[in-house]
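Visitor:
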Amino acid sequence: MMTSTAIPLGMPKVVHYGEGNIFENEPFPEYAKRELKNDQLRNNLRFVTHAIRNKRARVTSELPDWQELRTTGEMVKNYVLFNLPQMLEQFERNFTARGGHVHWARDAHEANQIALELIREQGVDEIIKIKSMATAETGLNEFLEENGINAIETDLAEEIVQLGEDRPSHILVPAIHRNRREIRDIFLKKIEGINPDITDEPAELAEASRNRLREKFLSTKVAVSGVNFGIADTGTMTIVESEGNGRMCLTLPDTLISFMGIEKLLPTFQDYEAFLQLLPRSSTGERMNPYTSMWTGVTPVTARRTCT
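Each residue of the sequence shown is one higher than the one before, starting from 1 at the first, in the working numbering.
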């Protein structure tokens, strides 16, 4: 049984301000003043946030030990923080023992540079990506574009944002500020070979996205992902998602580059069990996520896949 002890850590003696892609290009008060006049955005935000909150309240009330699960998650995370150096090294040993490679980055620029070098080693100028907050914070897409690499987002909402030359407006639902008509117009302008008579029905929009991405999944050699959790005692990385596009990125390309923050570690799979109950209920109000992908090390590629 794991116990938790509160230890005052004090203020850090060295302040590292870092760099990243986490700020807007204009002061927030000015941005907020303008966007508050955007009725579509306000209506969408109100609808989705209320829907998610109501779903969350409903599914969390089904578990009699919900608060105990939350306390368990807190204790696990505290344990990781108190033992972080040893656990990072344990994860690296186990992941490396299974054929993977671990690269350490001090900041956003170094992380992006490592990814760029790995992509260039494969001789490609286009990659596919899973929705990743870590790469959004490091500004990976923009960095790769500056260096001649096209990063294609495969999450539907992130794809909408990217094709619309836009920025995400919500951490869970990045295209919440777009309605179906706007999405249809974006697809008509940006997706080659799309049915010119496409409507704004969700099924038709999803099919247009699926047709565009399927060729990319089958022909692209390099993928980039984030990581939801890293299991220290096995060297396993995991991603939870709702569409299945992430699993296509994880399994089809020859090379996978995963951005994992050091705070993503969990000690064991037993700890992972608790977070698989906490995460979907707290984030999207679901009892469980549709897709849970786990990978430990690498699998040698015996043959290239072709699109037929």
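The beta-carbon is built from N, C-alpha and C at its ideal position, and this holds for glycine as well.
When you compare only the Cα positions, how much space is there between Glu311 and Lys131?
Guide: There is no way to answer for residue 311, as the model of the chain reaches only from 1 to 308.
Visitor: Going by the DSSP bridge assignment, what does Ile127 pair with across the sheet?
Guide: Ala151.
Visitor: CB-CB under 6 Å to Ala134, same chain, minus the five flanking residues each way: which ones, in chain order?
Guide: Result list for Ala134: Gly226, Phe259, Gly261, in chain order.
Visitor: Would you mind giving the Cβ-Cβ distance between Ala232 and Leu266, rounded to the nearest angstrom? I have them listed as a contact below 8 Å.
Guide: The Cβ separation is near 7 Å, so the contact holds.
Visitor: Between which two residues does the alpha helix (DSSP H) harbouring Ala32 extend?
Guide: First-last of the alpha helix (DSSP H) with Ala32: 28-35.
Visitor: Write down the C-beta distance between Ala223 and Ile128 rounded to the nearest angstrom, noting that I regard them as a contact closer than 8 Å.
Guide: Contact flag correct, Cβ pair sits at about 5 Å.
Visitor: Could you check what DSSP says for Ser61 in three-state terms: helix, strand or coil?
Guide: The answer is coil: DSSP assigns Ser61 none of H, G, I, E or B.
Visitor: What is the DSSP secondary structure of Phe259, reduced to helix, strand or coil?
Guide: Three-state DSSP puts Phe259 in coil, outside helix and strand.
Visitor: Is the beta carbon of Arg210 sitting closer than 8 Å to the one on Thr199?
Guide: Contact flag unset, no.
Visitor: Just curious, the alpha helix (DSSP H) that Met248 is in, first and last residue?
Guide: Residues 245-251.
Visitor: In this structure, does DSSP put Gly297 in helix, strand or coil?
Guide: Looking at Gly297 - three-state DSSP - the assignment turns out to be coil, as it is neither helix nor strand.
Visitor: Within the same chain, show all residues whose beta-carbon is closer than 6 Å to that of Ala151, passing over the 5 residues directly before and after it, in chain order.
Guide: Answer for Ala151: Ile127, Lys129, Asn141, Leu144, listed in chain order.
Visitor: Is DSSP giving Met237 helix, strand or coil here?
Guide: In this structure, Met237 counts as strand in the three-state DSSP scheme.
Visitor: With a 10 Å radius around its C-beta and 16 neighbouring C-beta atoms as the bar for buried, classify His177 as buried or exposed.
Guide: Buried, because 16 or more other Cβ atoms sit within 10 Å of the Cβ of His177.
Visitor: Mark Trp295 as exposed unless 16 or more other C-beta atoms lie within 10 angstroms of its C-beta, in which case mark it buried.
Guide: Trp295 should be labelled buried.
Visitor: Taking the Cβ atom as the reference point for each residue, do Arg56 and Arg287 lie within a distance shorter than 8 Å?
Guide: Their beta carbons are not under 8 Å apart, which means Arg56 does not touch Arg287 by this criterion.
Visitor: Closest to Phe47 by C-alpha separation, out of Cys249, Asn179, Asp155, would be which residue?
Guide: Here the closest residue by C-alpha is Asn179.
Visitor: State buried or exposed for Gln270, treating a residue as buried only when at least 16 other CB atoms are found within 10 Å of its CB.
Guide: By the 10 Å Cβ count, Gln270 comes out exposed.
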